[in-house]
Structure formats: C-alpha cells, structure tokens
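One structure is given below, encoded as structure tokens.
Number of protein chains: 2
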Amino acid sequence: MALTRKGQATRERILEAATDLIARRGVAGTSTEDVRKAAGVSGSQLYHYFDSKQALIRAVITRQAEVPLVPGRPVMGALDSFDALRAWADAAIAHQERNSGRGECTLTSLAGELAPADERSREDLCNAFLRWRSLLHDGLRAMRERGDLVPGADLDELSMALLAALQGGSLLSQTLRTAEPMRASLNAALAYVHSFEA
Amino acid sequence: MALTRKGQATRERILEAATDLIARRGVAGTSTEDVRKAAGVSGSQLYHYFDSKQALIRAVITRQAEVPLVPGRPVMGALDSFDALRAWADAAIAHQERNSGRGECTLTSLAGELAPADERSREDLCNAFLRWRSLLHDGLRAMRERGDLVPGADLDELSMALLAALQGGSLLSQTLRTAEPMRASLNAALAYVHSFEA
Chain A
1 MALTRKGQAT
11 RERILEAATD
21 LIARRGVAGT
31 STEDVRKAAG
41 VSGSQLYHYF
51 DSKQALIRAV
61 ITRQAEVPLV
71 PGRPVMGALD
81 SFDALRAWAD
91 AAIAHQERNS
101 GRGECTLTSL
111 AGELAPADER
121 SREDLCNAFL
131 RWRSLLHDGL
141 RAMRERGDLV
151 PGADLDELSM
161 ALLAALQGGS
171 LLSQTLRTAE
181 PMRASLNAAL
191 AYVHSFEA
Chain B
1 MALTRKGQAT
11 RERILEAATD
21 LIARRGVAGT
31 STEDVRKAAG
41 VSGSQLYHYF
51 DSKQALIRAV
61 ITRQAEVPLV
71 PGRPVMGALD
81 SFDALRAWAD
91 AAIAHQERNS
101 GRGECTLTSL
111 AGELAPADER
121 SREDLCNAFL
131 RWRSLLHDGL
141 RAMRERGDLV
151 PGADLDELSM
161 ALLAALQGGS
171 LLSQTLRTAE
181 PMRASLNAAL
191 AYVHSFEA
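So the sequences go chain by chain: A and B. The numbers in UniProt numbering rise by one with no breaks, and the one at position 87 of the first sequence is 87. The numbers in UniProt numbering rise by one with no breaks, and the one at position 80 of the second sequence is 80.
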C-alpha cells in the first residue's frame, strides 16, 4: 500500500507513540487504545494502518531495527575504528546516565517479554538484532582489513560479544536503575576487542 | 505463616509450575488458572498460598534468586578461581546448547517484561540480580586476596560485567535460538577478568 505523505506522517506518529509506551510499560501494559490516545488519532485511523496489536508490535520492531544502536542519538558513522567503538559505548552509557539508568531499550524489553511466546515477533526481533550485529561486524571487518586487528580476530564472536554486552548492560541498567551495568559490560567487551589489536 | 510439610510441598509445586510457564510464555501469557491446572491444585488451594497474580510472580522471583547462577544445575561451589569461573561459563553455554538456545532464564524474561511497569516486582528483581552479583564478587575478592588478580582489579566492575554478559547472552540466545551469543559474551567477559591476572 503506497501511503500519501500525510498518511506516512500519521503512521509514523502512531509508531512513535507505540514505541514510547512499550518502552515504558511493556507490551502487556500497552493497549491499542492507549496508543490511539497518545498518538491523537481515531480508532478507524489506527485500524487503517495496523489491523491488530500484533501488526503494530511487529512494525515497532521493524522500525527499531532501522534505529542506530543507541536510541535517541542521531545516526552514527561506521563503527570501524577503536575511537568509533569507544564513542558508541560512551553514547550508550550517557544514554543510561541521562535517564538515571532508565534509558529503556524497546527491543531489550520486547526480547524479554516476547521471545518465549510469539513466534512471528520473535523472528522480527532476530532480524533486528542480526541487523545491528552486522553493523558491528562490518566495522570490525574494516578494522581487520586495515590492519588494526590481528588477522586471526574472530569477527563473529567479537560482534556478538559487543551486542550481548549492549543488551545485558541495557537489561541490568533498566532493572537496577543505574548506568553502572552498561559501563561495566561495554568496558569489558571493548577491552576484549582491544586484546586483538594488531 | 508456618506451613506444614505437606503445605510447603504444595506451595513449592505451585511455584515450580509458575516458573516453568513464565519461562516459556512470559508473565502476560501465564494466567493463575494456567498455573493452577499445571500444578494440579484447586483454586482455593492456590488462593491460600498466593492471593494475587502479583504475589505469585514476586514469589517466583524470590525463589529464582536462590537458584545458582545457571538454571538446571546443582548448586555450585564458590566462583573463586579462573577454573571455577570457566566451569560456570561452560555450564551456562551447555545449558543453552542442550535447549538449542532456548534455555530460558526466568529472571531475564521477567526483567525484560516487568522492569518498566511493576515497581515492587522490579525491586525483587534488583535483589535477585544483586544477590547473584555478590556471589561473583565474593569469588573475585577471594582471587584478589589470594594474589590471582592484581591489587588494582575493580571487583565491582568485573562482577557486573560477568553478570551483564550472562544476561545479555541469555537474552540473545533466547531470541536467536542458538548458544553462540552466550558463548561469545561469556568468553569476552572471562578474557576481561583474565586481563587482570597477577
């Protein structure tokens, strides 16, 4: 379905409201009626773009997959140097600090809540995580090709470790309401990458 | 309330059923009626031990906090040597492999689902995570006192990094259905600890 410019703006407004509510209350605590009110649209408008709560959730996941790895930050350049990786980690830590450790990550919340239950949404989440991981993988490959990393550096493992550190840090920071877990986990993962410095 | 031996067994059966269902379906997908059926108890029995769904969830969290850091494993000894930490990591990876990456961690699921919404349960989750972290912290302190780790090793950061690696690995392994994230994240965190070897 091709949307008019106005239609796209409405759809985007609904998705923004849904993303924000899910980050704060979880999927179970967010009804389509909540989303409708927050977005300031009518029930028939909402239904026009998303004919079920699941369709809305899946669109939120797909949209978040497009977002750079740290929410609330403008699109980053390639993560293809130690400095760029450090800046990425610092941005994630700063995001938690600004929100007193409540810097919600919509996808982290969704992964905890949906993974066991909803197969189609789980697949969307997989794709979102794999897309993020590929950004890290691309950057690390450029570093290895440039000779910043030793030839034997296992890019699959390193990129997965960085993504897991971001997710684990996010989950614990969200629960403990402090940025310390994010700082500790990203420092550890970056130190691991540094241990393969050429 | 002091429970008879039979009462304790019934309460434990209810908690086991609830823990299992929550790990597989999430909190939102688990009704007290589901728990009642799975545990094979009457409605009045269930209500006798847990007068609300929230009371049941909080008891599940408290019970999981008592569980050693890797579910499905008998209680471990102290995590106070590089070998013990490696065995702990290997057990967590093996747990994901046995379950094709679906080795659900009830607390990881709960953290993703509840943290934004439910303040009392969030505090219970905090306590569970801090308890686990203190097991790691105790082990690392013993290593530092014994001279395995350099005097400057930051035990707060190291123990948090290990716990975040376990949680991030669990979340991603659960979503991607492979043990690779758990392996990558724990290998990275252990390498970080090793970098402080005396």
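We treat Cβ as the ideally placed atom computed from N, Cα and C, and that holds for glycine.
Three or more beta-carbon pairs drawn from the segment 78-89 of chain B and the segment 186-198 of chain B are found closer than 8 Å, and the two stretches are therefore classed as touching. Residue pairing by DSSP places A:Leu149 opposite A:Glu197 in a beta bridge. Under a 10 Å Cβ-count criterion, A:Ser44 is classified as exposed, with fewer than 16 other Cβ atoms of the shown protein chains found around its own Cβ. Cβ neighbours of B:Ser52 within its own chain (closer than 7 Å, five residues either side excluded): none. Closest in C-alpha terms to A:Leu162, from the list A:Arg98, A:Met182, A:His48, comes A:Met182. The straight-line gap separating the alpha-carbon atoms of B:Leu158 and A:Phe82 is approximately 21 Å.
Only Glu157, Met160, Ala161, Leu163, Ala164, Ala165 from the segment 144-165 of chain B bring a Cβ to less than 7 Å from some Cβ of chain A. Between A:Ala128 and A:Ile61, the gap from beta carbon to beta carbon is short of 8 Å.
Around the beta carbon of A:Ala198, a 10 Å sphere encloses fewer than 16 other beta carbons of the protein chains shown; the residue is thus reported as exposed. Counting only runs of at least 4 residues, the UniProt DNA-binding region "H-T-H motif" (31-50) of chain B fully encloses the following alpha helix (DSSP H) elements, listed from N- to C-terminal order: 32-39, 43-49. Taken in chain order, the unbroken stretches of alpha helix (DSSP H) that lie wholly in the segment 119-168 of chain A and span 4 residues or more are 119-146. Leaving aside the five residues that flank A:Glu16 on each side, the residues in its chain whose CB is nearer than 8 Å to its CB run, in chain order, Ala39. In the three-state reduction of the DSSP assignment, A:Asp80 falls in the coil class, being assigned neither a helical nor a strand state. For the pair A:Leu130 and A:Arg144, the Cα-to-Cα distance works out to about 20 Å. Here B:Thr32 is near B:Leu46, since their CB atoms are less than 8 Å apart. Those residues of the segment 16-39 of chain B placed with their C-beta closer than 9 Å to a C-beta in chain A are Ile22, Ala23, Arg24, Arg25, Gly26, Val27, Ala28, Gly29, ordered along the chain. Residue burial is scored here from C-beta neighbours: B:Gly152 has fewer than 16 other C-beta atoms within 10 angstroms and is therefore classed as exposed.
Distance between B:Ile57 and B:Ala28, taken at the CA atoms: about 11 Å.
The beta carbon of B:Ser42 is closer than 6 Å to none in its chain, skipping five residues each way along the sequence. A:Ile93 is not a Cβ neighbour of A:Leu171, given a cutoff of 8 Å. Here A:Gly139 has Ala78, Leu79, Asp80 as same chain residues with Cβ atoms under 6 Å from its own Cβ, once five neighbours each way along the sequence are excluded. In the three-state reduction of the DSSP assignment, B:Gly7 falls in the helix class.
Rounded to the nearest angstrom, the gap between the Cα atoms of B:Arg141 and B:Leu149 is 9 Å. Neighbours of A:Ser195 across chain B, judged by C-beta separation under 8 Å: Ala191, Ser195.
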